[in-house]
Structures are given as structure tokens and as C-alpha cells.
Amino acid sequence: MIDIPEHINATERHVGVRTLSDGEASVVTVSRVFAAEVEDVWDACTNVERIPRWLMPITGDLRLGGTYQLEGNAGGTVERCDPPTSFGATWEFGGEVSWIEVRLRTEADGTRLTVEHIALVDADRWDQFGPGAVGVGWDMMLAGLNVHLSTRQAVDPAEAAAWAASDEGRAFMTGSSEAWRDASIAAGTDRDRATASAERTTAFYTGQDVSEPSSAS
Numbered sequence: 006m007i008d009i010p011e012h013i014n015a016t017e018r019h020v021g022v023r024t025l026s027d028g029e030a031s032v033v034t035v036s037r038v039f040a041a042e043v044e045d046v047w048d049a050c051t052n053v054e055r056i057p058r059w060l061m062p063i064t065g066d067l068r069l070g071g072t073y074q075l076e077g078n079a080g081g082t083v084e085r086c087d088p089p090t091s092f093g094a095t096w097e098f099g100g101e102v103s104w105i106e107v108r109l110r111t112e113a114d115g116t117r118l119t120v121e122h123i124a125l126v127d128a129d130r131w132d133q134f135g136p137g138a139v140g141v142g143w144d145m146m147l148a149g150l151n152v153h154l155s156t157r158q159a160v161d162p163a164e165a166a167a168w169a170a171s172d173e174g175r176a177f178m179t180g181s182s183e184a185w186r187d188a189s190i191a192a193g194t195d196r197d198r199a200t201a202s203a204e205r206t207t208a209f210y211t212g213q214d215v216s217e218p219s220s221a222s
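Residues in the sequence shown are numbered consecutively from 6, following this note's numbering.
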């Protein structure tokens, strides 16, 4: 279904911090170029009828001040919208509120989509799972978006669920978790700590018996 090395290598991942009024927030950034026009990528990410073709069913009012709800996942409020180049929204999941900033930019090979996920994360929880707690989820979302944009086909939910439980799906999630480990190390995290966190995140996403990472996408 997905060329795992191609996706892992095509996606850029960064880990950082940002000072908010409520404290220091962790910032997980994922970025990839898609072979599509910026208007097409914008429509795929903001059209309530098109989002389910690569992600999951969504309800709500996707305009400035409107609210949304992804089925079985996050919901929130659209706080900023500048079509077709950027929008910002809250990302409310599991009783916690974080924020996403989405930017689109035309490049020679297509359109670069960059997502920043900004969250006030408890230090102990961050040490436990690291950036992969949300990063693996975003990798899976961008992989689905790439399939949709490149094939013009809708992703079948049953097939996607079966793939996620397959050996290939687990290999994808393992590779993603390891890539986020490397991004964490590049940001200054001790290698042993980053590796231990990534192993716990991998265990969660691949179905092993560990506690669930908070704010997982």
C-alpha cells in the first residue's frame, strides 16, 4: 500500500519548544512535498467531503470560528484561516487541548505541506513517549494524503485498518517512530532517553502492552 522507505525519507521531522502564556510547549513539526497544486492540497485538507477520502469522517463547519470533529479522534475550533496557504486550529483529544498550524507553499516539485503540533506536555509523559506519540500519527495521515493525491482514489477505511494491523503497517509505524527518535536526538535529547521513548511509542502503535501515549493523533 505504501512505499515505507520512500515515505520515511520524503518526510521532514523537527522537534522544538515554544513559550506560551501557560508555559513551555513542545512543538512537533512534520513536512512533505506533494506532487499537486497548492489549491488541490488545500482542498484535500479543508473540504469536509474530501477529507474522509484520505483520513477519516469529519463533521462540523470548516471556516473561521467553526468547529470540527474527526470521527474517533480529535476535534476543535478553527482559529485562523488564510486560504489557500495556512490555517490554525485547536486539537482537542482525550480531554487535552493542543494546537495545530498548517502551512502550504508552492515549490518546484509541487506543494510543501507543513504541520506544527503544539502541546503543553507533562515532562514525565514526554520522557515516556517523546515526539513519536503524535508524530507517528501525523506520518500516517500524510501517507494517506499522498496516496489520495497521487492516485485520486479514496482510501477504503476497512483496507486502511487491515493495513495498520499488518506486518507492513507495523513496519511503517516502527520506521516512523525511529525517525522521530532521530529528530528528538537532533533536537538535543540524550540518545538513550530518546531510544527508550521511541521503543515505548513503537510498542504502543504496533499493539504491544504499554500505556497509551497522550495526545496521539
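Every residue gets a Cβ at the ideal spot worked out from N, C-alpha and C, and that includes glycine.
| Query | Result |
| --- | --- |
| Can you confirm whether the stretch 102-109 touches the stretch 81-93 when touching is taken to mean that 3 or more C-beta pairs between the two stretches lie within less than 8 Å? | yes |
| If you follow the alpha helix (DSSP H) that Thr179 is in, where does it begin and where does it stop? | Asp172 to Ala191 |
| State yes or no: is the C-beta of Thr206 within less than 7 Å of the C-beta of Ser182? | yes |
| Contact between the stretch 29-45 and the stretch 57-64: three or more CB pairs below 8 Å? | no |
| In terms of residue numbering, what span does the beta strand (DSSP E) encompassing Asp87 cover? | Gly80 to Asp87 |
| Which residue marks the beginning of the alpha helix (DSSP H) containing Val46, and which one marks its end? | Val43 to Thr51 |
| For Leu125, does the three-state DSSP call read helix, strand or coil? | coil |
| Determine the closest residue to Ala138 out of Ser31, Leu67, Gly149 and Ser171, with distance taken between C-alpha atoms. | Ser31 |
| On the three-state DSSP scale, how would you describe Arg58? | helix |
| Report the three-state DSSP secondary structure of Gln133 (helix, strand or coil). | helix |
| Is the beta carbon of Gly149 sitting closer than 7 Å to the one on Val141? | no |
| Three-state secondary structure (DSSP) at Arg157? | coil |
| Excluding sequence positions up to five away, which residues of its chain have a Cβ less than 6 Å from the Cβ of Ser202? | Phe134 and Gly135 |
| Looking at the structure shown, is Ala201 part of a helix, part of a strand, or coil, going by DSSP? | helix |
| Taking DSSP as the reference, what is the three-state secondary structure of Thr90? | coil |
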